[in-house]
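A.B. asks:
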Amino acid sequence: MSSFAGWTDLVDTRQRMEGLRCRQSAYVPPAMRPGAGSRVGKVGSARPSASDRRDAPPVSGRSPRGADDVLINAEHNMYFLVNIEGRKSGLPAEKDIREISIFPALTLINAAPVDLDVNLVPSSVDLKLKHLLASSLSGVEKLQQMQACPVLRATLLKQSTFYAYDVPPNRQLKMKLKFAKLESAGWSSTISDLMNTADEVVSRLLLPAKHFAPVELEVLRDSSEVASSLSFVKEKQLSVVISAPRCFIDRTGLGFLPVKDGLQYPVFDNQIILLGDSTLPEVNLLLPYTAASASSASQSRASRGHASYVQCSIDVPALGGFSHTTAITQDRCFSLCMNTEKIDPAETGGVLSRVVSLLPEYIISNFLHNTIYYRQYGTQGPAIEVKPNSSYPVYWSSADLPFAFQFRPGTTEGYAWSGPIIASEEFAGQNWLVLYNGISNSTPGISRHTRASNSSS
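Start counting the sequence shown at 1; every next residue gets the next number (UniProt numbering).
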């Protein structure tokens, strides 16, 4: 069997050679090996993009155009990072020990919950230098054409790690991203020098898409920030972590969607919504007409009115905080709150990612053995049914009246409505209510408990 990879140059382990250095060896990629066309490759954490497969040269045992073509089109290099670090052994020997660590040239960690296309190309400064060096070589046009092509172009699967060996770690590289499974997706703006962390270690990119609002992703280039959370990443390793800083979840059951300038954010896998520019303090919410009509089946409908949607805005709270807003229709008022929570760093590549949840501001829970009904105080309804051992969000019939409700058991024994229960943290606590049922020898007492965590029972 022929060898498809060569040896690297020698690694000097003397004390004066301590530190991180680049090493390389020649190899023939699988797609260019003899007989590669008859084999089916396996898909790992990264897949060649469609354009890569189109641009791949024809596979054959040898190039029909001569040795120059073989050198340019068939021979590639694998790059490694070799770190030599000296330390003392334990007592009593205390001998000098050289610890040699070998890393991939570049580690790409896609911590986002979506598949991404990544494109790495040489920077303009590097291309100019290569052009001057190659001016005296044969086949200059082919070399320049090859340099203009991406060093790496692949699809990174969600929540995956890809080790790149064909990226020279000592070159200036540009990086851009786009969504892999969104047909109308476009490329993001470019990080001009991916390997340079002197100016900044975190870059924020907006990924555009036709008919959708742009989504923000973060690119972290500091291995020391994630080494404590990821066991396979070391501080000396050259790694890039791509993450989604904010993920939106609607927990109201009404179908609210975040929008930007009238454009909806894309929905991935029918459930994942990533938000846009994090420098903006608020996010706009849209309740489509279809979601409003669907909620009417559960006795929590919005007005059909003349408009086909309901729109409101809410401030995105800081980590661990809450914010509040209301969405008003012709005959219904939805009081909402938003909460921001931290996602486990082990699931986000060691970087800070947040989930932004939209919740009903108040929830009524029925711990009785019978059904109860509630309505907004000062109105004749509608009366909302809450079954035993279940919870239901509290929505209001009118935004002009105080946010207070009253309830009664769902029986036919003539129970009257309770007094007003004000939905506010100022009245949090527990007290007793007595409901009149028209029977002189039966006046049951019902405990009403209001919790401060934006829910009432």
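Note that CB positions come from ideal geometry on N, CA and C, so glycine has one too. Source: prediction; values computed, not measured.
Please go through the same chain and pick out, in chain order, the residues whose beta-carbon is closer than 6 Å to the beta-carbon of D315, but skip the five residues on each side of it.
C.D. replies: P281, E282 and S323, listed in sequence order.
A.B. asks: What is the DSSP secondary structure of V28, counted as helix, strand or coil?
C.D. replies: Coil, per DSSP.
A.B. asks: Tell me, to the nearest whole angstrom, how far the beta carbon of L173 is from that of V121; I am working on the premise that it is less than 8 Å.
C.D. replies: The pair is a contact, with the Cβ atoms about 7 Å apart (cut-off 8 Å).
A.B. asks: Starting from S313 and walking both ways along the beta strand (DSSP E), at which residues does that stretch end?
C.D. replies: Residues Y309 to D315.
A.B. asks: Would DSSP call F427 helix, strand or coil?
C.D. replies: Three-state result, F427: helix.
A.B. asks: Would you mind reading off the limits of the beta strand (DSSP E) that contains S160?
C.D. replies: First-last of the beta strand (DSSP E) with S160: S160 to A164.
A.B. asks: Considering only the alpha carbon of each residue, which of Y373, T13, L286 and F268 lies closest to F209?
C.D. replies: What sits at residue 209 in the sequence shown is Ala, not Phe. Here the closest residue by C-alpha is F268.
A.B. asks: Return yes when the Cβ of A111 is within less than 9 Å of the Cβ of E347, no when it is not.
C.D. replies: Yes, these two residues count as a Cβ contact at 9 Å.
A.B. asks: Could you check how far apart the C-beta atoms of A423 and F405 are, in whole angstroms? I think they sit under 8 Å.
C.D. replies: Yes, A423 and F405 are in contact; Cβ-Cβ is about 7 Å, under 8 Å.
A.B. asks: Does the separation of the CB atoms of Q264 and L238 fall below 9 Å?
C.D. replies: Not in contact: Q264 and L238 (Cβ atoms no closer than 9 Å).
A.B. asks: Under the three-state reduction of DSSP, which class applies to P258: helix, strand or coil?
C.D. replies: It is a strand residue.
A.B. asks: Between H324 and the ligand NAP, is there a pair consisting of the residue's CB and a ligand heavy atom that are separated by less than 8 Å?
C.D. replies: The ligand content of the structure shown is nil, which means the ligand NAP is not present either.
A.B. asks: Out of curiosity, what's the CA-to-CA distance linking P402 and C333?
C.D. replies: Their backbone Cα atoms lie some 11 Å apart in a straight line.
A.B. asks: Give the DSSP-derived three-state secondary structure of E99 in the structure shown.
C.D. replies: The answer is strand: DSSP assigns E99 an E or B state.
A.B. asks: Can you tell me whether S223 is buried or exposed, with buried defined as 16 or more other CB within 10 angstroms of its CB?
C.D. replies: Per the 10 Å Cβ criterion, buried.
A.B. asks: From T325 to E426, what distance separates their C-alpha atoms?
C.D. replies: Going by the C-alpha atoms only, they are around 18 Å apart.
A.B. asks: Do V355 and C247 have their C-beta atoms within less than 9 Å of each other?
C.D. replies: In this structure, C247 lies closer than 9 Å to V355 by Cβ.
A.B. asks: Quick one: Cα of V114 to Cα of K178, how far?
C.D. replies: When rounded, the distance between both Cα atoms is 10 Å.
A.B. asks: Find the nearest neighbour of V311 within the set D331, P317, G320 and P288, judged by alpha-carbon distance.
C.D. replies: In the sequence as presented, Val is not what sits at residue 311; that position holds Gln. It is P288.
A.B. asks: Using the C-alpha atoms, what's the distance from G414 back to S365?
C.D. replies: For S365 and G414, the distance between alpha carbons rounds to 22 Å.
A.B. asks: From which residue to which residue does the beta strand (DSSP E) around residue 528 run?
C.D. replies: With the chain covering only 1 through 457, there is no way to say anything about residue 528.
A.B. asks: Within its chain, find whatever has a CB closer than 6 Å to the CB of G350; leave out the 5 residues flanking it on each side and keep chain order.
C.D. replies: Answer for G350: V226, S229 and L230, listed in chain order.
A.B. asks: Mind the definition here: the region 16 to 23 touches the region 81 to 90 only if three or more C-beta pairs lie below 8 Å; say whether that holds.
C.D. replies: Enough Cβ pairs lie closer than 8 Å, so yes.
A.B. asks: Could you tell me the distance, in whole angstroms, from the CA atom of G410 to the CA atom of D331?
C.D. replies: Rounded to whole angstroms, G410 to D331 spans 24 Å at the Cα level.
A.B. asks: Of the choices L433, S189 and P29, whose alpha-carbon is the least far from that of S203?
C.D. replies: Residue S189 is the option with its Cα nearest to S203.
A.B. asks: Note the first and the last residue of the continuous beta strand (DSSP E) segment covering residue 546.
C.D. replies: In the structure as shown, the chain starts at 1 and stops at 457, and residue 546 therefore has no counterpart that could be examined.
A.B. asks: Going by CA-CA distance only, name the one from M175, I272 and I242 that's closest to P345.
C.D. replies: For the residues M175, I272 and I242, the minimum Cα distance to P345 belongs to I242.
A.B. asks: Can you give me the start and stop residues for the beta strand (DSSP E) that S203 sits inside?
C.D. replies: Its beta strand (DSSP E) spans residues V202 to A209.
A.B. asks: Just the Cα atoms here: how many angstroms apart are L358 and L274?
C.D. replies: Cα to Cα, L358 sits roughly 14 Å from L274.
A.B. asks: Between N270, K234, F162 and S192, which lies nearest to R171 when the distance is taken from Cα to Cα?
C.D. replies: Answer by Cα proximity: S192.
A.B. asks: Looking at G381: is its Cβ nearer than 9 Å to the Cβ of S398?
C.D. replies: Cβ atoms of G381 and S398: not closer than 9 Å.
A.B. asks: Under a Cβ-count criterion, where at least 16 other Cβ atoms within 10 Å of its own Cβ denotes burial, should Q376 be classed as buried or exposed?
C.D. replies: Flag for Q376 reads buried.
A.B. asks: Ends of the beta strand (DSSP E) at E85?
C.D. replies: It spans H76 to K88 - the beta strand (DSSP E) in which E85 sits, taken as one unbroken run.
A.B. asks: Going by beta carbon distance, what residues of the same chain come within less than 8 Å of N196, once the five residues before and after it are set aside?
C.D. replies: Counting only Cβ-Cβ distances below 8 Å, and skipping sequence neighbours, we find Q172.
A.B. asks: Look up S239 in the DSSP assignment and say whether it is helix, strand or coil.
C.D. replies: Three-state DSSP puts S239 in a strand.
A.B. asks: Would you list the one or two residues that DSSP bridges to H324?
C.D. replies: H324 pairs with C337.
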